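S.K.: Quick mapping for you: the protein sequence lines, in order, are chains A and L.
Read in our numbering, the first sequence has 1035 at position 47, and its numbers run on one by one without any break.
Read in our numbering, the second sequence has 1313 at position 325, and its numbers run on one by one without any break.
For every residue, glycine included, the Cβ atom is placed at its ideal position computed from N, Cα and C.
All values derive from a computational prediction rather than experimental measurement.
Protein chains: 2
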Amino acid sequence: MTTRRPTIRDVARRAGVSVTTVSHTFTGNGTVAPTTQQRVRAAAHDLGYRPDVIAQGLRRNRLGVIALVARQLDALRPDLLVDVDYFARFAGAAAVASLAEGLGLMLVSDPTGPRAAGAALASDGFIVTEPVTDDPLVAMLTSAGIPFVTVGEVPGVPIGPDSPPHVDIESGRLTTLALDHLWDAGARRIALVTGTDRNEWNLRSAAVYQRWARYRRITPAMVHVPEQLDDEGGRRAATTLLSSGPAPDGVYALTSNHALGVVAVLTEHGLRVPDDVLVVAGSDAESLRAARPTISSIDLQPDELARRAVEALAARLDDRPLPDHGDQRVGRLVVRQSSAPGAPQP
Amino acid sequence: MTTRRPTIRDVARRAGVSVTTVSHTFTGNGTVAPTTQQRVRAAAHDLGYRPDVIAQGLRRNRLGVIALVARQLDALRPDLLVDVDYFARFAGAAAVASLAEGLGLMLVSDPTGPRAAGAALASDGFIVTEPVTDDPLVAMLTSAGIPFVTVGEVPGVPIGPDSPPHVDIESGRLTTLALDHLWDAGARRIALVTGTDRNEWNLRSAAVYQRWARYRRITPAMVHVPEQLDDEGGRRAATTLLSSGPAPDGVYALTSNHALGVVAVLTEHGLRVPDDVLVVAGSDAESLRAARPTISSIDLQPDELARRAVEALAARLDDRPLPDHGDQRVGRLVVRQSSAPGAPQP
DNA sequence: GTGAAAGCGCTAACAA
DNA sequence: TTGTTAGCGCTTTCAC
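(1) What did DSSP end up calling residue 1232 (chain A) once you bin it into helix, strand or coil?
(2) Note down, in chain order, each residue of its chain lying with its Cβ closer than 8 Å to the Cβ of residue 1201 (chain L), except the 5 sequence neighbours on either side.
(3) Between A:1246, A:1027, A:1118, which has its C-alpha nearest residue 1212 (chain A)'s C-alpha?
(4) Could you pull out every residue in the same chain whose Cβ sits closer than 6 Å to the Cβ of residue 1297 (chain L), ignoring the five residues on either side in sequence?
(5) Taking DSSP as the reference, what is the three-state secondary structure of residue 1049 (chain A)?
(6) CB residue 1024 (chain A) to CB residue 1000 (chain A), shorter than 9 Å?
(7) Between which two residues does the alpha helix (DSSP H) holding residue 1288 (chain A) run?
(8) By the criterion of Cβ-Cβ separation under 8 Å, what are the contact partners of residue 1210 (chain A) in chain L?
(9) Quick check on residue 1129 (chain L): does DSSP put it in helix, strand or coil?
(10) In the DSSP assignment, what residue or residues form a beta bridge with residue 1387 (chain L)?
(11) So, helix, strand or coil for residue 1005 (chain L), using DSSP?
(12) Buried or exposed, going by whether 16 or more other CB atoms sit within 10 Å of the CB of residue 1319 (chain A)?
(13) Terminal residues of the continuous alpha helix (DSSP H) containing residue 1116 (chain A)?
(14) Who are the neighbours of residue 1274 (chain L) on chain A, taking C-beta pairs under 7 Å?
(15) Here's a check: name, in chain order, each residue in its chain whose Cβ is nearer than 7 Å to the Cβ of residue 1185 (chain A), leaving out the five neighbours to either side.
(16) Comparing C-alpha positions only, which one of A:1039, A:1125, A:994, A:1163 sits nearest to residue 1285 (chain A)?
(17) So with Cβ pairs under 9 Å, would you call residue 1095 (chain L) a contact of chain A?
(18) Which first and last residues belong to the beta strand (DSSP E) in which residue 1163 (chain L) is found?
(19) What residues of chain A sit near residue 1268 (chain L), judged by a beta carbon separation below 8 Å?
(20) Mind listing the chain L neighbours of residue 1213 (chain A)? Cutoff is C-beta to C-beta under 8 Å, in chain order.
(21) Compute the distance between the beta-carbons of residue 1291 (chain L) and residue 1080 (chain L), then report whether it is under 9 Å.
(22) Given that a residue counts as buried once 16 or more other Cβ atoms are within 10 Å of its Cβ, and exposed if not, what is residue 1238 (chain L)?
(23) Taking a contact to mean a Cβ-Cβ separation below 9 Å, would you say residue 1249 (chain A) touches residue 1280 (chain A) in this structure?
(24) With a cut-off of 8 Å on the beta carbons, I'd call residue 1107 (chain A) and residue 1093 (chain A) a contact; round off their distance for me.
(25) Are there any heavy atoms of the ligand FMN lying less than 8 Å away from the beta-carbon of residue 1297 (chain A), as far as the coordinates show?
(26) How far does the alpha helix (DSSP H) with residue 1276 (chain A) in it reach, from first residue to last?
(27) Return the first residue and the last residue of the alpha helix (DSSP H) that residue 1029 (chain A) is part of.
(28) Can you check whether the CB of residue 1300 (chain L) is closer than 9 Å to the CB of residue 1288 (chain L)?
(29) Using only CA atoms, which one of L:1101, L:1165, L:1005 lies nearest to residue 1029 (chain L)?
(30) Mind checking the segment 1004-1027 of chain A against chain L and listing, in chain order, the residues whose C-beta falls within less than 7 Å of any C-beta there?
(31) So, is the C-beta of residue 1039 (chain L) closer than 9 Å to a C-beta in chain A?
(32) Along the beta strand (DSSP E) that carries residue 1269 (chain L), what are the first and last residues, could you check?
(33) Are any of the Cβ atoms in chain A nearer than 9 Å to that of residue 1280 (chain L)?
(34) Please report the straight-line C-alpha distance between residue 1254 (chain L) and residue 1233 (chain L), rounded to a whole angstrom.
(35) When you compare the CB of residue 1245 (chain L) with every CB in chain A, is at least one pair closer than 9 Å?
(36) Would you mind reading off the limits of the alpha helix (DSSP H) that contains residue 1238 (chain L)?
Structure follows, in structure tokens:
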């Protein structure tokens, strides 16, 4: 009993009006007498009519869907999803923000990849998280003239009037914030653990760290481990640090799971956190709150980043000016036990 | 310089063929001579032609997009996203699985809600996580004849040949698994902490618990707290339990954050976990691994659930028979320190 | 093996 | 205020 779903024409016929009138009453365009509207709505209701979003999309050349390109999905190993908290908070907030803009949110992996779903291209615009150096997706979107917004700058592209619009993740300020915090808490041999993806977060943090180390006159110690290794990556990084020089008394690890691994290895080597070594993670997660000691972090506030990204993209789609966040800073330091040596331990 | 994007007609003209031929070479329908195909593809490449997914969607009456209705999004407070790990793993895996089926995955909140984005209805089908008693969305989808799959049964709907197709979350087996585990580890005053959403997980667990308690001849102690309260909910639950009878020596808390709150309060009251009280969480999360003691859990394996849901929905969309998972069980017990009294503590 | 033509359901000139 | 009509870009009979 699969009866064809009613079209605008069925409604028009039943209401005794033209399709234009039906269209107008639903889109709000043109002018339709209130009484006519009533009749149309009644007819639509009787028939169970819902405008066909796809047909509208074809006609308006706009579907009302934006795509979120999450690089984490490209691993195609969901059980290895890196930084679940960041991903979940970002995706969740993006979905909610899209909703508020009347847009749907599609979750896609890199559409330039081999397994791209054709439907990905149906989106009106793209949000690209963590663009990397020479990002092929950014190149594709640019050349195809498809609107997009990146979260974080595209590394290697000088900021200019026509560099891709992006949401500022403030990696420079936040790196300094974390390092200064470690310094102020007394650390003097501060090491940095980054991931290996060539995105702004990793690259800028490393650069700022180098500069900061020179300024503070400390010897930089830096280790890069793949994000996907999770705790194990942190363990390796810590092992490397311990075996290749004087033990650090402060570690800034950009990924939350790396930080967990670092703390584990430090502890196993008899170093107490925070008494002997201070640790800060560069990304917040529930697991950092649950760990003992609890681990300090930079909370990137993915919710806010996502909101801004969606708003910026929606504005672009409507040719509205981009919202200006002025000096509304995003990202903050969350001090927990791992970097507060004086504080009472439970 | 916004030059109109090339259409199938442009390609046809440039290749000196009809639009039919172009369509055929791209869809694989009909038969096109290899040499002609070459010419068509060359022309398409030169022009930078990509088939318009929306136009295809209109024509085929199928967009290639499915929607994931995550109830967690309905709170519209992404910072309060409950069970981030479950959400992230499910959404991530669903996106990946969709990709493998050539489908896009749209993240939407309940489209029957007031703020529904019209685009949500563009989807070919729906995955509804955690349907609740008298679910309005299920009702809407059913009456509209839109294909959907639920994750977990719709409570209150007797299983029958035409009850909505669902992915089995095995709440009955898993509840028994957790309770038996606590029992085997020596607990005799085992309490249950559930959420308040009226979904299968909460309802079935409670029912099975009651039955199990009768069978084991123990006095049931059950507390229900809203999922959204997170740790605080767990704290309240534990406080209630401690103040309303003999202290439990085993707690099964369905939500990971509730479990964390429970452990915190128990500890504050001088009860040692696992020595005095065993604790198991009904949902796995990174934070449970990071906590001290580490907390045992039922890992629902959202990745697998998501994969099955997507496959089932895709099969339905193609009128293929539903995949049968036989006795391939999903969901498992992860034993950690909180329920292993003998094990060495770090 | 290839092409002409009729729509899919809707919107937006334009006409009345 | 309402109606007629020409498409949006594509797929798909059905001829040739």
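M.R.: Here's the rundown:
(1) Correct three-state label for residue 1232 (chain A): coil.
(2) 1178, 1207, 1208
(3) A:1246
(4) 1115, 1137, 1139, 1155
(5) coil
(6) Cβ distance not < 9 Å, so residue 1024 (chain A) and residue 1000 (chain A) don't count as in contact.
(7) Under the DSSP assignment, residue 1288 (chain A) falls outside any alpha helix (DSSP H); it carries neither an H nor an E label.
(8) None at all; the shortest Cβ gap to chain L is about 25 Å.
(9) The three-state secondary structure of residue 1129 (chain L), taken from DSSP, is helix.
(10) Outside the shown range of chain L (989 to 1334) lies residue 1387 (chain L), about which nothing can therefore be said.
(11) coil
(12) Residue 1319 (chain A) should be labelled buried.
(13) Residue 1116 (chain A) -> not in any alpha helix (DSSP H); beta strand (DSSP E) instead, spanning 1113-1117.
(14) 1072, 1273, 1274, 1275
(15) Within the same chain, Cβ atoms closer than 7 Å to the Cβ of residue 1185 (chain A) are found at 1118, 1120, 1215, the five residues on either side in sequence being excluded.
(16) A:1163
(17) yes
(18) Run containing residue 1163 (chain L): none in the beta strand (DSSP E); it sits in the alpha helix (DSSP H), 1159-1172.
(19) Within chain A, no residue comes near residue 1268 (chain L); the closest Cβ sits about 16 Å away, beyond 8 Å.
(20) Within 8 Å Cβ-Cβ: nothing; residue 1213 (chain A) doesn't reach chain L, min ~18 Å.
(21) yes
(22) The C-beta of residue 1238 (chain L) has 16 or more other C-beta atoms within 10 Å across all chains shown, which makes the residue buried.
(23) no
(24) Actually they are not in contact, since the Cβ atoms of residue 1107 (chain A) and residue 1093 (chain A) sit about 13 Å apart, beyond 8 Å.
(25) Of the ligands one can find in the structure shown there are none, so the ligand FMN has no counterpart to examine.
(26) 1274-1278
(27) Unbroken alpha helix (DSSP H) run through residue 1029 (chain A): 1022-1035.
(28) no
(29) Each of L:1101, L:1165, L:1005 was checked against the Cα of residue 1029 (chain L), and the nearest Cα belongs to L:1005.
(30) none
(31) Contact of residue 1039 (chain L) with chain A is assigned, a C-beta pair being separated by under 9 Å.
(32) 1266-1269
(33) Yes, residue 1280 (chain L) counts as interfacial toward chain A.
(34) 14 Å
(35) Output row for residue 1245 (chain L): interface = yes.
(36) That residue, residue 1238 (chain L), is in no alpha helix (DSSP H); its beta strand (DSSP E) goes 1238-1241.
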